[in-house]
């Protein structure tokens, strides 16, 4: 299936907007941007990105899932992409989880299949533990799940080191990160590069990314470790094996700690697996959802 967005601008134009009232997540109303595609013939899939990406990371995956009969939601996290980027709220994993819970409630969705990548995986684990009734099935892919954080992202979290530097320096660092996280250089297309970087290529965007990076906190992921065993949702740990930052050992350990979880490798792909190997990634999701549905119906 081909999507009806030719570039990131089309993807952004396809996003819808939701305002979460004050005191729902923060003391002020917060604007969330998200893509909502497809009919839920086979269920609803929630796709969560990480840092420094936004919903556009899944641009090649969403059409495949929609064609297979799923409704697909791809929100931008607080401070990420084109969701609220004001310098007036927290962006911690717990706050992102609260935002997602409020987002699902506003859409009147009681249960979804959850896919979390990078820091979105940390949020997915929080949801699976603390909002278990909402998570039908869980996929964790190349995610932060212990205390292994990318040094470049942690460096962005030092405002005094970065605030005075020009946007062009940030863009150059992000370009290097995109290249380092792809095994297939041909997948670093001008469209992908421009699309991922677009939200950060301004002073407002730069500051928002610095605030997002400053919110990275291993205490919040390590606080989940003793609770991984409480996860009841059928779980797939899907890992692109060439990842220079989120090592497969973490994924394998996580799979051993979640009851019944299965570890599946994607060879020849790296951290930005949704761009690096979109067909393998999409088909792995669909196969997992189909097989787990069959098992649930037995």
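In this note's numbering, the protein residues as written are 78 to 375. From the three backbone atoms N, C-alpha and C, an ideal C-beta is built for every residue, glycine too. Here the structure is a predicted model, which is why all the values come from computation and not from measurement.
**Message:** Taking the beta carbon of residue 297 as the centre, do at least 16 other beta carbons fall within 10 Å, making it buried, or is it exposed?
**Reply:** buried
**Request:** Leaving out five residues on either side along the sequence, give the residues of the same chain with a beta carbon under 7 Å from the beta carbon of residue 353.
**Result:** 259, 260, 261, 264, 317, 346 and 347
**Asked** Which of helix, strand or coil does DSSP assign to residue 356?
**Response** helix
**Request:** Enumerate, from N- to C-terminal direction, the unbroken alpha helix (DSSP H) stretches of 4 or more residues contained entirely within the region 203-268.
**Result:** 228-233, 236-239 and 244-257
**Item:** With 16 other Cβ atoms within 10 Å as the buried cut-off, status of residue 266
**Value:** exposed
**Request:** Answer with buried or exposed for residue 193, where buried requires no fewer than 16 other C-beta atoms within 10 angstroms of its C-beta.
**Result:** buried
**Asked** Under a three-way DSSP split, which group does residue 123 fall into?
**Response** strand
**Request:** For residue 154, I'd like the list of residues in its chain whose CB is within less than 6 Å of its CB, leaving aside the five on either flank, ordered along the chain.
**Result:** 173
**Asked** Who are the Cβ neighbours of residue 145 in its own chain at under 8 Å, not counting the five residues just before and after it?
**Response** 119 and 363
**Request:** For residue 332, I'd like the list of residues in its chain whose CB is within less than 8 Å of its CB, leaving aside the five on either flank, ordered along the chain.
**Result:** Excluding five sequence positions before and after residue 332, the CB atoms of its chain that fall closer than 8 Å to its own CB belong to 312, 314, 338, 339 and 340, given in chain order.
**Prompt:** Terminal residues of the continuous beta strand (DSSP E) containing residue 188?
**Reply:** Note, residue 188: premise wrong, no beta strand (DSSP E); not H, not E.
**Request:** Determine the DSSP secondary structure at residue 108, reduced to helix, strand or coil.
**Result:** strand
**Request:** Find the nearest neighbour of residue 164 within the set 103, 204 and 130, judged by alpha-carbon distance.
**Result:** 103
**Message:** Helix, strand or coil for residue 290? Go by DSSP, reduced to three states.
**Reply:** helix
**Asked** Quick one: Cα of residue 307 to Cα of residue 278, how far?
**Response** 41 Å
**Message:** Here's the rule: buried if 16 or more other CB atoms are within 10 angstroms of the residue's CB, otherwise exposed. What is residue 242?
**Reply:** exposed
**Asked** Can you tell which of 202, 179 and 107 has its C-alpha closest to the C-alpha of residue 305?
**Response** Residue 305 has its Cα closest to that of 202, out of 202, 179 and 107.
**Asked** Can you round the beta-carbon distance between residue 107 and residue 166 to whole angstroms, since I take them to be within the 8 Å contact cut?
**Response** 7 Å
**Distance CB(residue 151)-CB(residue 112) smaller than 7 Å** = In terms of Cβ geometry, residue 151 and residue 112 form a close pair [threshold 7 Å].
**Request:** Tell me whether residue 159 sits in a helix, a strand or coil according to DSSP, three-state version.
**Result:** Note: residue 159 maps to coil in three-state DSSP.
**Helix, strand or coil at residue 315 according to DSSP, with G and I counted as helix** = strand
**Message:** Which same chain residues end up closer than 7 Å to residue 101 when comparing Cβ atoms and leaving out the 5 residues on each side of it in sequence?
**Reply:** 179
**Asked** Are residue 24 and residue 94 close, meaning C-beta to C-beta below 7 Å?
**Response** The structure shown does not extend to residue 24, since the chain is modelled only from 78 to 375, so the question has no answer here.
**Coil, strand or helix - residue 344 by DSSP** = coil
**Prompt:** Which of the three DSSP states, helix, strand or coil, is assigned to residue 93?
**Reply:** If DSSP states are grouped into helix, strand and coil, residue 93 belongs with the strands.
**Prompt:** Where residue 328 and residue 358 are concerned, what is the direct C-alpha to C-alpha distance, given to the nearest angstrom?
**Reply:** 16 Å
**Asked** Identify the residues that DSSP records as bridge partners of residue 192: which are they?
**Response** 124 and 216, per the DSSP bridge assignment.
**Asked** Where are the beta strand (DSSP E) runs, 3 residues long or more, that stay fully inside the region 128-153, in chain order?
**Response** 148-152
**Prompt:** Around the Cβ of residue 231, are there at least 16 other Cβ atoms within 10 angstroms (buried) or fewer (exposed)?
**Reply:** Exposed: under 16 other Cβ atoms inside 10 Å.
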